[in-house]
Amino acid sequence: MRGLILAVQFLTRLPTPQLADFQPEWLAASARWFPAVGLIVGALLLTALQLGGLVDPWLAALLALLVWVGVTGGLHLDGLADLADALGASHRSRERFFEVLKDPHLGSFGALSLILAVVAKLVLLMLIARHGGIAWGLLLIPAWARGFAVTWSATLPAIAPGSGERFGWQRDHLGLALNGAALLAASAWLAPALLLAPLAGLAWWAFLKRRLGGMTGDCLGAGVEICEIALLALLLIPPAQLPAL
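In the working numbering, the protein residues as written are 1033 to 1277.
Below, the structure is given as structure tokens:
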């Protein structure tokens, strides 16, 4: 259970037992548990949405969003803001990109990305709460997004030192395949629209490969946020409009 405990500690603010004699390689090995941690986050989101839905869809969305940000500590939102600032202010200068990426201050591009991400999640959660039956997909969306992050870190070169590099050096291809198969099976059962989820992960991978030539920890965090928003929207597509799966 050591890997799971480390994954929970890294990805959430949830209380966990303390581990003695920490070794750096344990952190990379814990990446296989990221989708499982996503399931824990998803279960909390689903519970908050259902409780709030007893009163009003907007309350359901607000409670779920507060839980989402509170449990994760805004970890991936921070990556989204940093990447938005770097892309917006670099003017395609690679040196300027890394300079802005390392700057701890929040710029206008980062602030705007945070506002848009939070508003998008709030509105999409409200629509999901209003539809009711599709809410079970919330259980899987954080798991898919965190599984993507592991895949990106394992298949893209690190272009800057940081958390992305720490998780990327250990390639667990069997673990990636098993996690992907489990998520596909769960999606077929609970939310068939999420069978298209890998397309979102592939799109972000292609963007990072083409635009940056690799990844950083901030790139992974930003991708988690963007893919979560994309998968929330995917849940709202009527089944009749989905391609044959």
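C-beta atoms are modelled at their ideal positions from N, C-alpha and C, and glycine is treated no differently.
The structure presented is a predicted model; accordingly, all values stated were derived computationally and were not measured.
For Met1247, the three-state secondary structure derived from DSSP is strand. Only residues of its own chain outside the window of five on either side were considered, and among them Leu1188, Pro1189, Ala1190, Ile1191, Leu1240 have a CB closer than 8 Å to the CB of Gly1246, listed in chain order. According to the DSSP secondary-structure assignment, Ala1190 is paired through a beta bridge with Met1247.
Ranked by how close their Cα comes to the Cα of Leu1086, the residues Gly1164, Ser1062, Asp1117, Leu1107 have Gly1164 in first place.
When only Cα atoms are considered, Pro1089 and Arg1162 end up about 6 Å apart. When the alpha-carbon of Leu1038 is set against those of Ala1052, Leu1059, Arg1045, the nearest one is in Leu1059.
The way I'd put it, the region 1139–1149 does touch the region 1110–1130; three or more beta-carbon pairs between them come closer than 8 Å. For the pair Leu1095 and Gly1169, the CB atoms are not nearer than the 8 Å cut-off.
Contact between Leu1264 and Ala1223 fails: their C-beta atoms lie close to 11 Å from each other, not under 8 Å. Taking the C-beta atoms as reference points, Gly1084 is found nearer than 8 Å to Ala1092. At a Cβ-Cβ threshold of 8 Å, Val1073 and Pro1230 do not count as neighbours.
Nearest to Arg1034 by alpha-carbon distance, out of Leu1159, Pro1049, Thr1044, Leu1043, is Pro1049. In this structure, DSSP gives Ser1140 a helical state, which the three-state scheme calls helix. Look at the beta carbons and you see the region 1206–1219 not touching the region 1246–1257: under three pairs across the two are nearer than 8 Å.
Separation of Phe1066 and Asn1211 (C-alpha to C-alpha, rounded to the nearest whole angstrom) is 9 Å.
When the five nearest sequence neighbours on each side are left out, the beta carbons in the same chain lying within less than 6 Å of the beta carbon of Val1182 are those of Ala1063, Phe1066, in order along the chain.
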